[in-house]
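Enquirer: Going by numbering that gives the first Met the number 0, the letters in the sequence shown line up with residues 0 to 167, in that order.
Please see the structure below; I have some questions.
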Amino acid sequence: MRKMILALVLAMMTAGMASAQNYMVVDSEKVFKSISSYNTALDNIEKLAEQYQQQVDAKFAEVEQLYNSYMQQRASLSEAYRQQYEQMILQKEAEATEYQESLFGTEGELMKKRMELIQPIQQRVFSTIESFSRQYGYDLVIDISANPTILYYSSKVDYTDRIIAALK
């Protein structure tokens, strides 16, 4: 009985808190896509990623070419030269992998470029959302593009278009 009363009290408190909160819904993906500098930045990052991928592919093609050459000559090579050749191939492969990581890794050039181009736009959007929320008294902002567990929301609480207008 005590557990049931406690559960009822907690449910009522939670319901009271939820109804006391003023919230709004924003589709951040739609907001970002409405900003031309964001789309341009994404295009630039994609082009840079393609260039980097071509460079990485060339390094791995060089390793593959060395390996194929080694396999053709392997039977005619001395044991010492075979080991030296294998070490060279392994070293080239490690260099190619390290190069790939330097471009595409979490601390790589592509991530640095992404941060350089995208982060100022994100800060501007988030700052605008925060300012809008404070101005109109919203306690909570729910991003519907990032939360796939939202099953329903009323268009009355969707302020995406107003955020887009505030950014312009």
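Even for Gly, the Cβ is constructed at its ideal location relative to N, Cα and C.
Keep in mind it's a predicted model, so treat the numbers as computed, not measured.
1) Please return the same chain residues whose Cβ sits closer than 6 Å to the Cβ of residue 156, not counting the five positions on each side in sequence.
2) Using C-beta distances below 7 Å, list every residue in its chain close to residue 101, excluding the 5 sequence neighbours before and after it, in chain order.
3) Would residue 94 and residue 46 be called neighbours here (beta carbons separated by less than 9 Å)?
4) Going by CA-CA distance only, name the one from 53, 162, 116, 159 that's closest to residue 42.
5) Evaluate the contact criterion for the stretch 26-37 versus the stretch 124-142: three or more CB pairs, one atom per stretch, below 8 Å.
6) Can you confirm whether the stretch 65-79 touches the stretch 116-130 when touching is taken to mean that 3 or more C-beta pairs between the two stretches lie within less than 8 Å?
7) Give me the Cα-Cα distance between residue 90 and residue 55, rounded to the nearest whole angstrom.
8) In terms of residues, what are the limits of the beta strand (DSSP E) holding residue 76?
9) In terms of residue numbering, what span does the beta strand (DSSP E) encompassing residue 34 cover?
Expert: The structure says:
1) 23, 24
2) 107, 108
3) no
4) 116
5) yes
6) no
7) 15 Å
8) Looking at the DSSP string, residue 76 is not in any beta strand (DSSP E), and its letter there is neither H nor E.
9) From DSSP, residue 34 is part of no beta strand (DSSP E); its letter is neither H nor E.
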